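Participant:
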Amino acid sequence: TVTVLGSANLDQIVHTTRLPAPGETVSTTATRQGPGGKGLNQAVAAARAGGTVAFVGAVGRDPAGDALLAHLRGNDVRTQHVALVDEPTGSAIVMVDDTGENAILVTGGANGSVAPLPHGSDEWLDCAVLLMQLELPPATVLRCARAARARGVLVVLNAAPAGPLPDGLLDAVDVLVVNEHECRALAGSASLDDAASRLASPVPTLVVTQGARGARWYDRGHLAGTIPPPSVSAVDTTGAGDTFCGALAACLAAGSPLDEVLRFAVVAGALSTQVHGADSAPRLDVVQEALAR
Ligand code: ADP
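Residues 5 to 297 in UniProt numbering are what the sequence shown spells out, letter by letter.
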């Protein structure tokens with residue numbers, strides 16, 4: 005089983021010819037709503053990749069919260085550990101211009117209410133893998149990582165979005181996943197190799213995703229392998245990182261060896277770029293078919 009502890013948002017995606025400057029009013033060319041938040045996206049990706057998945061987080065008692073719960077359940081993600089709170093459901097306004105440039109406003113809302121150890125009981129820790137990101141309160145991420153580690157659960161942290169890490173967090177992480185930008189930002193180094201070796205020293209496994217170049221991984225700070233993606237015609241890379249993380253967690257929970265896990269995650273991430281939007285994670289059979297090619 006995979007437990008994903010993280011954020012759930014209802015995103016409003018607005019397309020416009022150009023992003024508004026301060027004080028300016030600009031018309032939109034298209035608007036749509038969709039489920040988002042790294043936690044929710046990764047939980048859905050893990051379930052599509054064949055995992056048995058539970059989501060731990062919080063939503064408000066509002067129509068947005070109902071819609072997110074329905075989306076999770078519709079993707080076979082268990083929701084019994086999602087708290088219903090008196091804050092509004094998290095939301096984001098994603099502005100995208102004609103060149104693909106974006107600007108994003110996030111309201112954390114209910115996500116800020118996920119407690120350091122959610123739901124009193126620790127039943128939510130009955131899992132093989134705990135997958136987290138950095139969109140919840142840092143104290144919650146730290147406490148949950150430590151609690152999971154103490155239980156023998158494999159702790160996977162996608163350190164995104166890049167930001168200051170709580171002291172001691174990396175000591176409680178088994179697998180750290182970052183993209184190149186996050187790797188450099190977290191280590192405070194312009195050189196990827198240098199950044200990777202700094203970040204990798206406290207964690208057994210560091211995985212750096214590299215967009216169209218796939219991913220590389222480090223075993224206790226030593227480069228252990230690189231995995232190129234299959235050739236795809238990418239139309240939208242939104243959600244590729246979330247798909248990668250979800251697929252990785254599902255495959256780890258299935259007990260696969262790390263090199264196989266990474267090949268699976270790289271292929272899942274690549275396939276997600278062939279679909280528009282953040283809700284683009286492929287199903288297990290589609291990933292398997294691409295792996296067999
Ligand atoms: P993020 O979405 O967090 O920025 P990346 O861009 O590194 O993360 O993408 C995550 C994974 O998705 C990559 O490791 C790769 O497997 C896949 N991917 C992303 N962009 C492409 C692309 N243009 N072509 C093929 N695969 C891609």
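Glycine is no exception: its CB is placed at the ideal position from the N, C-alpha and C atoms. Note that this is a predicted model, so its numbers are computed, not measured.
What three-state label does DSSP hand Q214 in the structure shown?
Facilitator: Correct three-state label for Q214: coil.
Participant: DSSP puts D223 in a beta bridge; with which residues?
Facilitator: DSSP output for D223 lists T209, H226 as bridge partner(s).
Participant: Between the Cα of L76 and the Cα atoms of V89, D90, D102, G41, which residue gives the shortest distance?
Facilitator: Comparing Cα positions, the closest option is G41.
Participant: Check A58 in the structure and name its three-state DSSP category.
Facilitator: Three-state result, A58: strand.
Participant: For D283 versus G38, is the C-beta spacing smaller than 7 angstroms?
Facilitator: In contact: D283 and G38 (Cβ atoms closer than 7 angstroms).
Participant: Identify the continuous beta strand (DSSP E) that holds R36 and give its terminal residues.
Facilitator: Unbroken beta strand (DSSP E) run through R36: 32–40.
Participant: On the three-state DSSP scale, how would you describe L196?
Facilitator: L196 falls in the helix class under three-state DSSP.
Participant: Using 8 angstroms as the cut-off, can you tell me whether the stretch 57–64 makes contact with the stretch 260–271, which would need three or more C-beta pairs spanning the two stretches below that distance?
Facilitator: Touching, no, given that fewer than three Cβ pairs across the two stretches are closer than 8 angstroms.
Participant: Could you have a look at V265 and say whether DSSP puts it in helix, strand or coil?
Facilitator: Helix at V265.
Participant: Just list the residues that DSSP pairs R82 with in beta bridges.
Facilitator: Looking at the DSSP assignment, R82 forms a beta bridge with A58.
Participant: Is S235 helix, strand or coil when you go by DSSP?
Facilitator: In this structure, S235 counts as coil in the three-state DSSP scheme.
Participant: Could you check whether the Cβ of V160 sits closer than 6 angstroms to any heavy atom belonging to the ligand ADP?
Facilitator: The answer is no for V160.
Participant: Count the other CB atoms, across all protein chains shown, that sit within 10 Å of the CB of T29; report buried if there are 16 or more and exposed otherwise.
Facilitator: Burial call: exposed.
Participant: Give every residue whose Cβ lies closer than 6 angstroms to any heavy atom of the ligand ADP, listed in chain order.
Facilitator: The set, ordered by position in the chain, is N183, T213, Q214, G215, A216, G218, A219, P233, V236, A238, T241, A244, G245, F248, V270, G273, A274, T277.
Participant: Using a Cβ-Cβ cutoff of less than 6 angstroms, which residues in the same chain neighbour V270 once the five nearest sequence positions on both sides are dropped?
Facilitator: Correct list, in chain order: G218, A219, I231, P233.
Participant: Does the distance from the C-beta atom of L23 to that of D102 stay below 7 angstroms?
Facilitator: Cβ distance not < 7 angstroms, so L23 and D102 don't count as in contact.
Participant: Can you name the start and end residues of the alpha helix (DSSP H) that L129 belongs to?
Facilitator: No alpha helix (DSSP H) holds L129; DSSP gives it neither H nor E.
Participant: Report the rounded CA-to-CA distance for L146 versus G172, giving the unit in angstroms.
Facilitator: Approximately 8 angstroms, taken between the alpha carbons.
Participant: Please name the residue or residues paired with residue 3 in a DSSP beta bridge.
Facilitator: The chain is shown only over 5 to 297; residue 3 falls outside these bounds and no answer can be derived.
Participant: When DSSP labels each residue in this structure, what does G43 get in the three-state scheme?
Facilitator: Helix, per DSSP.
Participant: Just reading off the beta strand (DSSP E) that L135 is part of, what are its end residues?
Facilitator: That run of the beta strand (DSSP E) goes 133–136.
Participant: In the DSSP output, what is H19 paired with across the bridge?
Facilitator: Answer is A34, V100.
Participant: Enumerate in chain order the residues of its own chain whose CB-to-CB distance from L203 is below 8 angstroms, with the five nearest sequence positions on each side excluded.
Facilitator: Counting only Cβ-Cβ distances below 8 angstroms, and skipping sequence neighbours, we find L174, L180, V182, C187, L190, A191, L210.
Participant: Does DSSP put T277 in a helix, in a strand, or in coil?
Facilitator: T277: coil per DSSP, three-state reduction.
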